[in-house]
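Everything on this sheet refers to the single structure shown next.
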Amino acid sequence: MKEKILIIDDEASICSSLKGILEDEGFLVKTTESGEQGLEILKSQNVDLVLLDIWLPKMSGIDVLKKIKALEESPQVVMISGHGTIETAVTATKLGAHDFLEKPLSLEKVVLTVRNALRQKKLEDENVLLRERQRGRYYLIGESLSIQKLRREIDLAALSGGPVLIYGENGTGKELVARLIHQLSPRKEKRFVEVNCSAVPEEMMELELFGHLKGAFPQAVRDKKGKILLADEGTFFLDEVCDLSLKTQARLLRAIEERRFEPLGASEPLSFDSRLIAGTTRSLRELIAQGRFREDLFFKLNVIALTLPPLRERPDDIPHLIDHFLRHFAAEYGKKPKTMSPEAVGAFLRYVWPGNVSELMNVIERFVIMVPEDVITGSHLTLLVETRELEYISGFFEGREGRTLEKAREQFERRYIHGVLMRNGWDIPQSASDLKVEEGQLREKIKALNITFVS
676 MKEKILIIDD
686 EASICSSLKG
696 ILEDEGFLVK
706 TTESGEQGLE
716 ILKSQNVDLV
726 LLDIWLPKMS
736 GIDVLKKIKA
746 LEESPQVVMI
756 SGHGTIETAV
766 TATKLGAHDF
776 LEKPLSLEKV
786 VLTVRNALRQ
796 KKLEDENVLL
806 RERQRGRYYL
816 IGESLSIQKL
826 RREIDLAALS
836 GGPVLIYGEN
846 GTGKELVARL
856 IHQLSPRKEK
866 RFVEVNCSAV
876 PEEMMELELF
886 GHLKGAFPQA
896 VRDKKGKILL
906 ADEGTFFLDE
916 VCDLSLKTQA
926 RLLRAIEERR
936 FEPLGASEPL
946 SFDSRLIAGT
956 TRSLRELIAQ
966 GRFREDLFFK
976 LNVIALTLPP
986 LRERPDDIPH
996 LIDHFLRHFA
1006 AEYGKKPKTM
1016 SPEAVGAFLR
1026 YVWPGNVSEL
1036 MNVIERFVIM
1046 VPEDVITGSH
1056 LTLLVETREL
1066 EYISGFFEGR
1076 EGRTLEKARE
1086 QFERRYIHGV
1096 LMRNGWDIPQ
1106 SASDLKVEEG
1116 QLREKIKALN
1126 ITFVS
């Protein structure tokens, strides 16, 4: 993706000439003649570099620089001046300016300074990512209003210490948010322990949560600590709490209220001090109405409620996610980082992502592994069809035992429609035209057959 540069200068001619020079060099450039407006742009958009005039009306360039460097994620800044002093240059450098350009501006000097500043920014960003990876830090990708709001809510939740209930569809990042809350909380030096209720058989759930002593039952050949105790002084994340049986809900409620529990086979209760975070894909209020979830437990969990937006409701974040996962998987597999063409990005934006961020991540990982070129284009979307083609063909024509004609027809339709959609970059009108059906009919088929990017 192109690097973004913001020019803040009250001389329109300077803005115009710099914009032309830098756009010719392949950068995305935005200009403004006001420091105040420049700060508003920086708060709402990602910018890699700011070219900032030191003499501005109302708010000086030095004051703007101070405010830029106070932002949570500040860009590189190069100061511009027609009659600056050494003292001013020293002040700007101490405040974090990367370099200083004197007017009249030299084209070669401008381009060289900009490239050096952006190279430094890239190195700093890579160092931050490396330190975060080493510390096991977690973070949210995206700049949409819903993600910005979620970040603020996470910050408040992290410091509060109270129970948190995270609502979100599969793939929206409930565990990520839970880990982020833990990472930002005073408990961050202690353990984060997770149990996915949907992945543990019902008859084993209480043993998983509360543990047992040796000899508590024939197979108990040694003591086993429950996950709640393993998270003592740390954070305990109970994902898909909606799948807990009523019996286990009752035991969990009592443990939360008393801050202690008895492992199976124990005669004395064990105290614990872990923060509880729960996640659910389903509405607990609806389950309460159906008699499948305890209302008193709901109130204990729902002290702080966070709702994660599905990816289809924050399409502006998709390019950020694409860029992040392209870099992430390139590093993981030791490959050169790839970029994605506007055509391919457009296909990603048109797709509804029923599997949310997890599905997008899976698709990007496939591209990083399978695409030999540096740029992923719309033509590469068919790889998601081709990689499964042999498996599909062999299975479809074997006439496997138990497969009905109706089932075979359904599978053929699903594959055929999926192939047309992928070849058209998930363009619904074009695909409907190719298939000779109405757009509404195609959308109904996509939903009925559960067609996704990796169908």
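Quick note on our numbering: the sequence shown kicks off at 676 and runs consecutively.
Ideal placement from N, C-alpha and C gives every residue a C-beta, glycine not left out.
Q. Nearest-angstrom Cα distance between residue 886 and residue 826?
A. 35 Å
* Tell me whether residue 1133 is buried or exposed, calling it buried when 16 or more other Cβ atoms sit within 10 Å of its Cβ. => The structure shown does not extend to residue 1133, since the chain spans only 676 to 1130, so no value can be given for it.
| query | Near residue 714, what residues of its chain come up, given a Cβ to Cβ distance below 6 Å and the 5 sequence neighbours on each side ignored? | reply | 742
**Asked** Hey, quick one: how far does the beta strand (DSSP E) through residue 952 stretch, first residue to last?
**Response** 950–955
What would DSSP say about residue 902, mapped onto helix, strand or coil?
helix
Buried or exposed for residue 883, going by 16 or more other Cβ atoms inside 10 Å?
With 16 or more other Cβ atoms within 10 Å, it is buried.
### Task
In angstroms with no decimal places, state the Cα-to-Cα distance between residue 678 and residue 1035.
Approximately 23 Å, taken between the alpha carbons.
Legend entry - Proximity below 8 Å, CB of residue 724 to CB of residue 683: no
Can you give me the Cβ contacts of residue 973 inside the same chain, cut-off strictly under 7 Å, excluding the 5 residues immediately before and after it?
959 and 963
*What does a CB cutoff of less than 6 Å around residue 969 pick up in its chain, not counting 5 residues either side in sequence?*
924
| message | If I follow the unbroken beta strand (DSSP E) through residue 703, where does it start and stop? | response | 703–707
Around the C-beta of residue 1015, are 16 or more other C-beta atoms found within 10 angstroms, so that it is buried, or is it exposed? buried
Worksheet item: What do you get for residue 721, buried or exposed, if any count of 16 or more other CB atoms within 10 angstroms of its CB means buried?
Response: exposed
Q.
Taking the straight line between their C-alpha atoms, what separation do you get for residue 1052 and residue 701?
A. 19 Å
* **Selection from 1126, 818, 1047 and 893 that minimises the alpha carbon distance to residue 1091** => 1126
Item checked: Other residues of its chain near residue 1024: CB distance less than 7 Å, five sequence neighbours each side excluded -> Around residue 1024: 990 and 993.
Going by DSSP in three states, residue 682 sits in which element: helix, strand or coil? strand
How far does the beta strand (DSSP E) with residue 734 in it extend, from its first residue to its last?
Taken as a continuous stretch (DSSP letters only), residue 734 belongs to no beta strand (DSSP E), as it is neither H nor E.
Open item on the list: Counting beta carbon pairs with one atom in the segment 1106–1123 and one in the segment 1041–1049, are three or more of them shorter than 8 Å?
Closed with: no
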